[in-house]
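A.B. asks: Before we start, here is the structure in question, set down as structure tokens.
Number of protein chains: 2
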Amino acid sequence: MYQKELQKDFQELLPFWKSISSHSQETLINHSEPVTFPPGTAMHAGGEECSGLFLVLEGRVRAYIVTEQGKEITLFRLLSRDICIFSASCIMKNISFDVFVSAETEVKAIRIPAQCYNEITDSELAVAKYTNELLSSRMSDVMWVLEEIVFTSFDKRLAHFLLEEGELEESDVLTITHEQIANHLGSAREVVSRMLRYFANEGFVKAERGSIRLLDKEGLEAI
Amino acid sequence: MYQKELQKDFQELLPFWKSISSHSQETLINHSEPVTFPPGTAMHAGGEECSGLFLVLEGRVRAYIVTEQGKEITLFRLLSRDICIFSASCIMKNISFDVFVSAETEVKAIRIPAQCYNEITDSELAVAKYTNELLSSRMSDVMWVLEEIVFTSFDKRLAHFLLEEGELEESDVLTITHEQIANHLGSAREVVSRMLRYFANEGFVKAERGSIRLLDKEGLEAI
Numbered sequence: 020m021y022q023k024e025l026q027k028d029f030q031e032l033l034p035f036w037k038s039i040s041s042h043s044q045e046t047l048i049n050h051s052e053p054v055t056f057p058p059g060t061a062m063h064a065g066g067e068e069c070s071g072l073f074l075v076l077e078g079r080v081r082a083y084i085v086t087e088q089g090k091e092i093t094l095f096r097l098l099s100r101d102i103c104i105f106s107a108s109c110i111m112k113n114i115s116f117d118v119f120v121s122a123e124t125e126v127k128a129i130r131i132p133a134q135c136y137n138e139i140t141d142s143e144l145a146v147a148k149y150t151n152e153l154l155s156s157r158m159s160d161v162m163w164v165l166e167e168i169v170f171t172s173f174d175k176r177l178a179h180f181l182l183e184e185g186e187l188e189e190s191d192v193l194t195i196t197h198e199q200i201a202n203h204l205g206s207a208r209e210v211v212s213r214m215l216r217y218f219a220n221e222g223f224v225k226a227e228r229g230s231i232r233l234l235d236k237e238g239l240e241a242i
Numbered sequence: 020m021y022q023k024e025l026q027k028d029f030q031e032l033l034p035f036w037k038s039i040s041s042h043s044q045e046t047l048i049n050h051s052e053p054v055t056f057p058p059g060t061a062m063h064a065g066g067e068e069c070s071g072l073f074l075v076l077e078g079r080v081r082a083y084i085v086t087e088q089g090k091e092i093t094l095f096r097l098l099s100r101d102i103c104i105f106s107a108s109c110i111m112k113n114i115s116f117d118v119f120v121s122a123e124t125e126v127k128a129i130r131i132p133a134q135c136y137n138e139i140t141d142s143e144l145a146v147a148k149y150t151n152e153l154l155s156s157r158m159s160d161v162m163w164v165l166e167e168i169v170f171t172s173f174d175k176r177l178a179h180f181l182l183e184e185g186e187l188e189e190s191d192v193l194t195i196t197h198e199q200i201a202n203h204l205g206s207a208r209e210v211v212s213r214m215l216r217y218f219a220n221e222g223f224v225k226a227e228r229g230s231i232r233l234l235d236k237e238g239l240e241a242i
């Protein structure tokens, strides 16, 4: 059975674990389950369903919003040890926006049902306070995106995105299409392609078949 | 003394009031104070100081962010019965952005010191849960701004802003400069002026000395 593993992971990864009652601990262990998502699959598709909270063990998760026209913008990424609360937005009062969550790489995670988390929040101050910290942290991410979009020109945003992507992939060759970049940045494919041609002319990057090679990272940083 | 008044206002406006201990109630009453801000004054200037929470009794409050270049963008407005938590962001872990708060009209409010709110949050589950609701609600506001900026063209945003301003002022004549509108929308004065000339040509608005008259609200809504 996986309960023993869960207990070990919770103990290590949930800061409130030691502060809650053994009854609450058991509730969490008995209702949560390990889940695996192949790369590119949806973990949570907007507000309708209530997928629960995901505690990420391995892999990379992307949270984003989608417009009626199908345009996307990335809000934040979650890595190992992070917890995704917006896939359980049904339990939060006053949340009036839809966040989509998908696995960028293969993701191993623990799913905590929304109802279960809600239940222990109702009796455990430590969990309610932890939720405050989670919300503040994600809000800071979103504010960062907002500031970047409003106040940063597109060349800076694209340069920053390429550098960050290089770090996440731990490689100077990024396997990503112009369309995908446009979705991350809430822009259009044509705008991305035009800026990448400019970057290539300046010798910062080289476009290759289905990928982008970072040639001059210092040049990109200088932008 | 104003303590009796405070108790009455807290009882009416703080949803958690009845759920907390009389000790916590007394702490809140003894440390909070009524405050008045003239129109246009700063209630909280970014992250450095920790001004405390403001419970708005009368008037209109604006929360916004500011860039290094001095550009502004409005995040949300608070009216009577709303509570401003970002003026106490020092007590929140993981908040890494600066929100500025100012009085748009004369504002009467109750100031709850950050330390005092923090103290009762440490022992009162109802307060921690209320903070979650506040954070979720403000996060929804910010997401709305983000979506509007990313996905809505500037003509729509300006039309929406003028209509909203008309409702807030309860008048079809808005006393506001192009510069101020630009600050609300994170844009430049020139861009606002150009779009207002277009709106005037279409007969939606009329520019007057130091003000803007809304002539065709249905036309603006149609945008």
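If you read the sequences in order, they're chains A and B. The first sequence finishes on residue 242 if you use this note's numbering, and the numbering steps up by one all the way, no holes. The second sequence finishes on residue 242 if you use this note's numbering, and the numbering steps up by one all the way, no holes. Every residue, glycine too, gets a C-beta built ideally from N, C-alpha and C. Computed from a predicted model, the values in this text were never measured in an experiment.
(1) Please classify K127 (chain B): does DSSP put it in a helix, a strand, or coil?
(2) Going by the beta-carbon positions, is the gap between M62 (chain A) and S51 (chain A) smaller than 8 Å?
(3) The beta strand (DSSP E) spanning R96 (chain B) covers which residue range?
(4) For the beta strand (DSSP E) containing I84 (chain A), list its first residue and its last residue.
(5) Give me the residue from B:M214, B:K90, B:S230, B:Y149 with the minimum Cα distance to P34 (chain B).
(6) Locate the alpha helix (DSSP H) running through M214 (chain B), then write down its first and last residues.
(7) Report the residues of the region 192 to 220 of chain A with a CB closer than 8 Å to any CB of chain B, ordered along the chain.
(8) Could you please tell me which residues of the region 156 to 178 of chain B, in chain order, have their CB closer than 8 Å to any CB of chain A?
(9) Any residues in the region 102 to 130 of chain B with a beta carbon nearer than 7 Å to a beta carbon of chain A? Which ones, in chain order?
(10) Taking just the CA atoms, how far does S156 (chain B) sit from W163 (chain B)?
(11) Taking Cβ to Cβ, would you say E77 (chain A) is nearer than 8 Å to K127 (chain A)?
(12) Going straight from the alpha carbon of R130 (chain B) to that of L234 (chain B), what length do you get?
(13) Work out the CA separation of R216 (chain A) and A178 (chain A) for me, nearest whole Å.
(14) Pick from B:K37, B:S43, B:S40, B:N49: whose alpha carbon is nearest that of L25 (chain B)?
(15) Closest by CA to L72 (chain B), which one among B:N220, B:A207, B:A107, B:V210?
(16) Going by CA-CA distance only, name the one from A:V85, A:Q199, A:L182, A:E198 that's closest to V192 (chain A).
(17) Within the region 180 to 204 of chain A, note down every full alpha helix (DSSP H) run reaching 4 residues or more, in order along the chain.
(18) Need the endpoints of the alpha helix (DSSP H) that H23 (chain B) sits in, please.
(19) Which residues in chain B sit within 8 Å of T46 (chain A), going by Cβ to Cβ distance?
(20) Are the Cβ atoms of N113 (chain B) and E152 (chain A) separated by less than 8 Å?
(21) Where does the unbroken alpha helix (DSSP H) through T46 (chain B) begin, and where does it stop?
(22) For N137 (chain A), decide whether its Cβ has a neighbour in chain B, counting only Cβ atoms nearer than 8 Å.
(23) Distance, Cα to Cα, Y136 (chain B) vs L47 (chain B)?
(24) Looking only at DSSP bridge pairs, what is T55 (chain B) linked to?
(25) I'd like the list of long-range same chain contacts for R208 (chain A), defined as Cβ closer than 6 Å, with 5 residues on each side in sequence excluded.
(26) Given that E152 (chain A) touches chain B, what residues does it touch there, using C-beta distances under 7 Å?
(27) Rounded to whole angstroms, what's the CA-CA distance from T194 (chain A) to R232 (chain A)? Just pull it up for me.
(28) Which partner residues of S230 (chain A) appear in the DSSP bridge assignment?
(29) Taking 7 Å as the cut-off, is the beta-carbon of S40 (chain A) closer than that to any non-hydrogen atom of the ligand SAH?
(30) Are V75 (chain A) and S99 (chain A) touching if we call contact CB-CB under 8 Å?
(31) Can you tell me whether DSSP reads I102 (chain A) as helix, strand or coil?
(32) Using only alpha-carbon positions, find the residue among B:A82, B:L154, B:S40, B:I102 that is nearest to T93 (chain B).
(33) Chain B partners of A147 (chain A), CB-CB under 7 Å?
(34) Is V118 (chain B) helix, strand or coil when you go by DSSP?
(35) Who are the neighbours of I92 (chain B) on chain A, taking C-beta pairs under 9 Å?
(36) According to DSSP, is M111 (chain B) part of a helix, a strand, or is it coil?
C.D. replies: In terms of the structure at hand:
(1) Numbered from 1 along the second sequence, position 108 holds the residue referred to as residue 127 (chain B). Strand.
(2) In the first sequence, residue 62 (chain A) corresponds to position 43, counting from 1. In the first sequence, residue 51 (chain A) corresponds to position 32, counting from 1. Their beta carbons are not under 8 Å apart, which means M62 (chain A) does not touch S51 (chain A) by this criterion.
(3) What you label residue 96 (chain B) is simply residue 77 of the second sequence in a count that begins at 1. Start and end: 91 to 97.
(4) Here the question's residue 84 (chain A) lines up with position 65 in the first sequence. That run of the beta strand (DSSP E) goes 80 to 85.
(5) In the second sequence, the residue the question calls residue 34 (chain B) occupies position 15. Closest option to P34 (chain B), Cα to Cα, is B:Y149.
(6) For the purposes of this step, residue 214 (chain B) is taken as residue 195 along the second sequence, with counting starting at 1. Where M214 (chain B) is concerned, the enclosing alpha helix (DSSP H) stretches over 208 to 220.
(7) G205
(8) S156, R157, M158, S159, V161, M162, W163, V164, L165, E166, I168, V169, F170
(9) M111, K112, N113, I114, S115, F116
(10) As a first step, residue 163 (chain B) must be located in the second sequence, where it is residue number 144. As a first step, residue 156 (chain B) must be located in the second sequence, where it is residue number 137. Computed Cα separation, rounded: 11 Å.
(11) As a position in the first sequence, residue 77 (chain A) is number 58, starting the count at 1. As a position in the first sequence, residue 127 (chain A) is number 108, starting the count at 1. Result yes, Cβ atoms of E77 (chain A) and K127 (chain A) sit closer than 8 Å.
(12) In the second sequence, counting from the first residue as 1, residue 130 (chain B) sits at position 111. In the second sequence, counting from the first residue as 1, residue 234 (chain B) sits at position 215. If you take the alpha carbons of R130 (chain B) and L234 (chain B), they lie about 40 Å apart.
(13) Along the first sequence, one-based indexing puts residue 178 (chain A) at 159. Along the first sequence, one-based indexing puts residue 216 (chain A) at 197. Their backbone Cα atoms lie some 13 Å apart in a straight line.
(14) For the purposes of this step, residue 25 (chain B) is taken as residue 6 along the second sequence, with counting starting at 1. Closest option to L25 (chain B), Cα to Cα, is B:N49.
(15) As a first step, residue 72 (chain B) must be located in the second sequence, where it is residue number 53. Among B:N220, B:A207, B:A107, B:V210, the Cα nearest to that of L72 (chain B) belongs to B:A107.
(16) The residue labelled residue 192 (chain A) in the question sits at position 173 within the first sequence. The residue with the shortest Cα to Cα distance from V192 (chain A) is A:L182.
(17) 197 to 204
(18) In the second sequence, the residue the question calls residue 23 (chain B) occupies position 4. Just to set this straight, residue 23 (chain B) is Lys in the shown sequence, not His. Where K23 (chain B) is concerned, the enclosing alpha helix (DSSP H) stretches over 22 to 32.
(19) By 1-based counting over the first sequence, the position of residue 46 (chain A) is 27. Chain B residues near T46 (chain A): none, gap ~17 Å exceeds 8 Å.
(20) In the second sequence, the residue the question calls residue 113 (chain B) occupies position 94. In the first sequence, the residue the question calls residue 152 (chain A) occupies position 133. Yes. Within cutoff.
(21) Locating residue 46 (chain B) in the second sequence gives position 27, counting from the first residue. From DSSP, the alpha helix (DSSP H) with T46 (chain B) extends over 41 to 50.
(22) Reading the first sequence from its first residue, position 118 is the one you call residue 137 (chain A). N137 (chain A) does not count as touching chain B.
(23) One-based indexing of the second sequence puts residue 136 (chain B) at position 117. One-based indexing of the second sequence puts residue 47 (chain B) at position 28. Cα to Cα, Y136 (chain B) sits roughly 7 Å from L47 (chain B).
(24) In the second sequence, counting from the first residue as 1, residue 55 (chain B) sits at position 36. Paired residue(s): B:K127.
(25) Mapped onto the first sequence, residue 208 (chain A) falls at position 189. So the list reads H197, E198, A201, once near-sequence residues are dropped.
(26) On the first sequence, residue 152 (chain A) is found 133 positions in, with the first residue counted as 1. Correct list: K112, N113.
(27) Position 175 of the first sequence, counted from the first residue, corresponds to residue 194 (chain A). Position 213 of the first sequence, counted from the first residue, corresponds to residue 232 (chain A). Going from the Cα of T194 (chain A) to the Cα of R232 (chain A) covers about 9 Å.
(28) Counting from one through the first sequence, the residue named residue 230 (chain A) turns up at place 211. Per DSSP, A:E227.
(29) This structure simply doesn't include the ligand SAH, nor any ligand for that matter.
(30) Indexing the first sequence from 1 puts residue 75 (chain A) at position 56. Indexing the first sequence from 1 puts residue 99 (chain A) at position 80. Cβ distance < 8 Å, so V75 (chain A) and S99 (chain A) count as in contact.
(31) By 1-based counting over the first sequence, the position of residue 102 (chain A) is 83. Strand at I102 (chain A).
(32) Sequence index remark: in the second sequence, residue 93 (chain B) carries index 74 (1-based). Nearest C-alpha to T93 (chain B): B:A82.
(33) Here residue 147 (chain A) is taken as the residue at index 128 of the first sequence, counted from 1. Residues of chain B passing the Cβ test: L144, A147, K148, N151.
(34) The sequence position of residue 118 (chain B) within the second sequence is 99, counting from 1. Residue state, collapsed to three classes: coil.
(35) Position 73 of the second sequence, counted from the start, is the residue given in the question as residue 92 (chain B). Near I92 (chain B) (Cβ distances below 9 Å), the residues of chain A are L165, E166, V169, F170.
(36) Working through the second sequence from its first residue, we reach residue 111 (chain B) at position 92. In the structure shown, M111 (chain B) sits in coil (DSSP, three-state: anything other than H, G, I, E or B).
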